[in-house]
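Undergrad: Under the UniProt record's numbering, the letters of the first sequence match residues 1 to 357, in that order.
After the structure tokens below, expect a handful of questions from me.
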Amino acid sequence: MRRSLLTWYQHQGRDLPWRGESDPYKIWVSEIMLQQTQVKTVIPYYQRWFKKFPTLEELARADQQEVLKVWEGLGYYARGRNLHKAAQKIVKDYGGIFPQTLEQVLKLPGIGRTTAGGILSAAFNQPVSILDGNVKRVLARLTALLVPPNQALSQLWQWSDQLLDSEHPQDFNQAIMDLGATLCTPKNPACLLCPWQKHCQSYLEGLQNQLPMREMTSPLPHKNIGVAVIWNEQGRILIDRRLEGGLLGGLWEFPGGKLEAGESYEDCIRREIQEELGIEVEVGDRLITVNHAYSHFRITLNVYHCRYLGGEPQAIECQEIRWVTLDEIDQFPFPKANSQIIAALRDQNYPRASNQG
DNA sequence: GATCCGTGGGG
DNA sequence: TCCCCAAGGAT
């Protein structure tokens, strides 16, 4: 059974930029980028990353803002922040040499059991099992698991451990992930091409399109947000850097906040700007409305041009604030929903600028 | 153990 | 348009 998978992998495995790579730094970066993120999305970010941070030492020396700028658009920004923190820890604790024991690797921020197994098997051919989304799906189908995978994690880890080819852990882990990504897909699995067809309980029972069982999901709540593009008399815009811990931590944004019951967007924006920045603004024309879905809620950004009236801007509910021109704004990492606001500002501003000469 | 944490693409 | 889900980890 292991042999049939490895033979399939030898002929049908994907050719990916990090395959055959022996530098643990490069393996590590690929594993972090691939968390909850498809290969196609990762590849351009992966290439760009090493132009900016060719070595682990250069990553450790970088400023967090540079790291987040390269990560901009990839999402789950704690991954980028943790990559940076872990690089500094590796330089400090291990002399810049990526650690090679499971215990040490698991202590690095952003690395859990699956990522640790992925790194140790891919970089050092160590027999450490993994349980990513692909493996969960493959094993759930293989065994015809009758509960959602996340309700049977200890069982799935046992199966992953038992199946792992201890003679070829590097290729085996890559192979089972490729199987899940290319044949044993979430919808319409290509069972006729599968090397494990004869071993697959779901296929034998005709259940491959019913399994794995779905996880329980609750409907996403929706929030309406008032957002301010605050202009001063020099034609600069006020942006703020979000607090470290939570959603989009460390990224820049246009200030604003949640609309309260019975409140107009004008009132909301004046209130939020006073609370967060301690300044007064006049709310003007609506610039754009942006709908965006995060992983656990949806928002509508109602964006208004505002005029700065007075008060000294203070970083009350953020890390930092800055007045910037539209030309400078590209230097700062912004979340995706905000990039639509920037695009709208450009569209609107260029004709204005040309009219003014 | 349940929640939080982004974004893009497919059906 | 809407829902699903993708190389998960931290709290």
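Here a beta-carbon is modelled for each residue, glycine too, at the ideal position from N, C-alpha and C.
#1: Just the C-alpha distance for I230 and I279, rounded to the nearest angstrom, thanks.
#2: Pick helix, strand or coil for T182, following the three-state DSSP scheme.
#3: What does the Cβ neighbour count give for D285, buried or exposed, with the cut at 16 atoms within 10 Å?
#4: Rounded to the nearest angstrom, what separates G112 and I27 at their Cα positions?
#5: Apply the 10 Å Cβ neighbour rule to R14 and answer buried if 16 or more other Cβ atoms are within range, or exposed otherwise.
#6: Grab me the residues of L106's own chain with a C-beta within less than 6 Å of its C-beta, minus the 5 sequence neighbours each way, in chain order.
#7: On the three-state DSSP scale, how would you describe Y9?
#8: What is the rounded straight-line gap between the Cα of A152 and the Cα of V128?
#9: Report yes if the C-beta distance between V42 and M33 is below 7 Å; otherwise report no.
#10: Cα separation between E244 and H199?
#11: Quick one: residues in its chain with C-beta nearer than 8 Å to the C-beta of L56, no 5 flanking neighbours on either side, listed in chain order?
#12: Note down, in chain order, each residue of its chain lying with its Cβ closer than 8 Å to the Cβ of S22, except the 5 sequence neighbours on either side.
#13: Do the CB positions of N224 and L248 come within less than 7 Å of each other?
#14: In three-state terms, what does DSSP make of V70?
#15: Is it right to say H296 is buried, meaning 16 or more other beta carbons lie within 10 angstroms of its own, or is it exposed?
#16: Going by DSSP, which residues form a beta bridge with residue 389?
#17: Please look up how many angstroms separate the CB atoms of G206 and R137, rounded, as I've assumed it's under 8 Å.
#18: DSSP three-state label for N224, please.
#19: On the criterion of 16 or more Cβ atoms from any shown chain inside 10 Å, does W196 qualify as buried, or is it exposed?
#20: Using the Cα positions of C318 and E275, report the straight-line distance between them to the nearest angstrom.
#21: Reducing DSSP to helix, strand and coil, say where C200 ends up.
#22: Could you give the DSSP three-state label for V147: helix, strand or coil?
#23: Identify the continuous beta strand (DSSP E) that holds K107 and give its terminal residues.
#24: Taking a contact to mean a Cβ-Cβ separation below 7 Å, would you say G257 touches E233 in this structure?
#25: Measure the alpha-carbon distance for D178 versus R242 and round it to whole angstroms.
#26: Assuming G310 and Y77 make a contact with CB atoms under 8 Å, what is their CB distance in whole Å?
#27: Between L287 and V303, which are expected to be in contact by the criterion C-beta below 8 Å, what is the C-beta distance as a whole number of angstroms?
#28: Alpha carbons only, please: which of F334, V324 and R19 is nearest the one belonging to N125?
#29: So the beta strand (DSSP E) L142 belongs to, where does it begin and stop?
#30: Can you give the Cα-Cα distance for S166 and I239, rounded to whole angstroms?
#31: Let me check understanding here. Comparing Cα to Cα, which of Q314, G235 and E328 lies closest to C306?
TA: Quick look at the numbers:
#1: Along the first sequence, one-based indexing puts residue 230 at 230. Along the first sequence, one-based indexing puts residue 279 at 279. Taking the straight line joining both Cα atoms gives about 10 Å.
#2: In the first sequence, the residue the question calls residue 182 occupies position 182. Of the three classes helix, strand and coil, the one that applies to T182 here is helix, per DSSP.
#3: Translated into the one-based positions of the first sequence, residue 285 becomes position 285. With fewer than 16 other Cβ atoms within 10 Å, it is exposed.
#4: Counting from 1 along the first sequence, the entry for residue 112 is found at position 112. Counting from 1 along the first sequence, the entry for residue 27 is found at position 27. So the two alpha carbons sit approximately 15 Å from each other.
#5: Residue mapping note: residue 14 aligns to position 14 of the first sequence, counting from 1. It counts as exposed.
#6: Locating residue 106 in the first sequence gives position 106, where the first residue counts as 1. Taken in chain order, the residues that qualify are A116.
#7: Within the first sequence, residue 9 is the residue found at index 9, counting from 1. Reduced to three states, the DSSP call for Y9 is helix.
#8: Along the first sequence, read from residue 1 onward, the residue named residue 152 stands at position 152. Along the first sequence, read from residue 1 onward, the residue named residue 128 stands at position 128. Their backbone Cα atoms lie some 19 Å apart in a straight line.
#9: By one-based count along the first sequence, residue 42 stands at place 42. By one-based count along the first sequence, residue 33 stands at place 33. Yes. Within cutoff.
#10: Numbered from 1 along the first sequence, position 244 holds the residue referred to as residue 244. Numbered from 1 along the first sequence, position 199 holds the residue referred to as residue 199. Roughly 48 Å separates the two Cα atoms.
#11: By 1-based counting over the first sequence, the position of residue 56 is 56. Answer for L56: Y25, A87, I90, V91, G96 and F98, listed in chain order.
#12: By 1-based counting over the first sequence, the position of residue 22 is 22. These residues qualify, in order along the chain: A123.
#13: Working through the first sequence from its first residue, we reach residue 224 at position 224. Working through the first sequence from its first residue, we reach residue 248 at position 248. No, the pair does not count as a contact, with Cβ atoms beyond the cut-off.
#14: Numbered from 1 along the first sequence, position 70 holds the residue referred to as residue 70. Correct three-state label for V70: helix.
#15: Along the first sequence, one-based indexing puts residue 296 at 296. H296 comes out exposed.
#16: Coverage of the chain is limited to positions 1 through 357, which leaves residue 389 absent and any answer about it impossible.
#17: The residue you call residue 206 lines up with position 206 of the first sequence. The residue you call residue 137 lines up with position 137 of the first sequence. 17 Å between Cβ atoms; not a contact.
#18: By 1-based counting over the first sequence, the position of residue 224 is 224. DSSP places N224 in strand when its eight states are reduced to three.
#19: Numbered from 1 along the first sequence, position 196 holds the residue referred to as residue 196. Result: buried.
#20: Working through the first sequence from its first residue, we reach residue 318 at position 318. Working through the first sequence from its first residue, we reach residue 275 at position 275. When rounded, the distance between both Cα atoms is 11 Å.
#21: In the first sequence, counting from the first residue as 1, residue 200 sits at position 200. C200 falls in the coil class under three-state DSSP.
#22: The sequence position of residue 147 within the first sequence is 147, counting from 1. Reduced to three states, the DSSP call for V147 is coil.
#23: Along the first sequence, read from residue 1 onward, the residue named residue 107 stands at position 107. Where K107 is concerned, there is no enclosing beta strand (DSSP E), given that its DSSP letter is neither H nor E.
#24: To locate residue 257, count along the first sequence from 1; it is residue 257. To locate residue 233, count along the first sequence from 1; it is residue 233. Not in contact: G257 and E233 (Cβ atoms no closer than 7 Å).
#25: As a working mapping, residue 178 is identified with position 178 in the first sequence. As a working mapping, residue 242 is identified with position 242 in the first sequence. Taking the straight line from one Cα to the other gives about 37 Å.
#26: The count along the first sequence starts at 1 and reaches residue 310 at position 310. The count along the first sequence starts at 1 and reaches residue 77 at position 77. The Cβ separation is near 34 Å, so there is no contact.
#27: Counting from one through the first sequence, the residue named residue 287 turns up at place 287. Counting from one through the first sequence, the residue named residue 303 turns up at place 303. About 5 Å separates the beta carbon of L287 from that of V303, a gap short enough to meet the 8 Å contact definition.
#28: Indexing the first sequence from 1 puts residue 125 at position 125. Here the closest residue by C-alpha is R19.
#29: Mapped onto the first sequence, residue 142 falls at position 142. No beta strand (DSSP E) holds L142; the alpha helix (DSSP H) holding it covers G133 to L142.
#30: Within the first sequence, the letter at position 166 stands for residue 166. Within the first sequence, the letter at position 239 stands for residue 239. Rounded to whole angstroms, S166 to I239 spans 53 Å at the Cα level.
#31: For this step, residue 306 is matched to residue 306 along the first sequence. Among Q314, G235 and E328, the Cα nearest to that of C306 belongs to G235.
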